[in-house]
Structure formats: structure tokens, C-alpha cells
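Asks:
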Amino acid sequence: MDIVFIEDLRIDTVIGIYDWERRVRQTLSFDIEMAFDNTVPAASDDIAHTLNYKDVSKRLIAYVSESSFGLVETLAERCAAIIRDEFGVSWVRLKLSKPGAVRGAKAVGVRIERGKRPG
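In the working numbering, the protein residues as written are 742 to 860.
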């Protein structure tokens, strides 16, 4: 199985549990890997047969920018579900980073995998 990826997709949103976090928008970074068989689109050279990373990105930007979760864990789960349910992806690995959230660290966050990883 092949992997379609989106790297460092940056989206501004309200995220966090502290009062000050609820009053500001923070930039999150998403790294996403999605299992997809690229042999059909490669053979046809037709974007209609692809897992269109622009469509996935636009959907996540729309969702995340309007969301307001306390935990990055919750947001990561919702995003993974959108990718799997709306784009027919059997396996996704999603890394959600919150840059600058902890002094001394470039970023903190979560990495999750959902679905059955193709063998």
C-alpha cells in the first residue's frame, strides 16, 4: 500500500484548557499519512482517481479553524475520523503538534494511528 502525506499543515484555532488559551487563537501543525493505492491514479493520470490531498487539507482547515476543543487528543481523534470516514482511508497516522506550548520545547502534541495498517 502507498502513503499519501500532508506535512506541516498549519491551522489557527482555539485549543487548550487554560483561561488565556480560550481567548486566543493558536497555530497547530498537522503531519498526516494516509494509506492509499496509487496504482490506479498513476495508470490513468486522472486526479479524480486520487486521494486528493488538497481536498483533505481544505476539509481539515475548515473543521479545525471553527473548532474549540480543550485537548489536542480530542481534536486529533476527530480529524482522524473525518479523514477515514469522508475520504475512505483505511489507515491514518496523524501527528498534531502545538508549537511553543511548553517552554524549552519546539512543540508538544500527540501522534495517533487509526485503522488497519496495510501490510
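Note that CB positions come from ideal geometry on N, CA and C, so glycine has one too.
#1: With DSSP as the reference, label Pro859 as helix, strand or coil.
#2: In terms of alpha-carbon separation, which member of Arg751, Tyr794, Glu762, Ile744 lies closest to Ala776?
#3: How is the alpha helix (DSSP H) around Leu801 delimited, first residue to last?
#4: Is it true that the CB of Gly850 sits closer than 8 Å to the CB of Val813?
#5: Is the stretch 751–768 in contact with the stretch 827–836, if contact means three or more CB pairs nearer than 8 Å?
#6: How many whole angstroms separate the CB atoms of Lys847 and Leu769, which I take to be in contact at a CB cut-off of 8 Å?
#7: Apart from the five residues on each side of it in sequence, which residues of its chain come closer than 6 Å, Cβ to Cβ, to Asp772?
#8: Compute every distance between the C-beta of Asn793 and the non-hydrogen atoms of the ligand NAP, then say whether any falls below 7 Å.
#9: Taking the Cβ atom as the reference point for each residue, do Ser806 and Ile756 lie within a distance shorter than 8 Å?
#10: What did DSSP end up calling Leu837 once you bin it into helix, strand or coil?
Replies: Reading from the atomic positions:
#1: coil
#2: Ile744
#3: 794–807
#4: yes
#5: no
#6: 14 Å between Cβ atoms; not a contact.
#7: Glu748, Lys836
#8: The ligand NAP is not part of this structure, which contains no ligands at all.
#9: no
#10: strand
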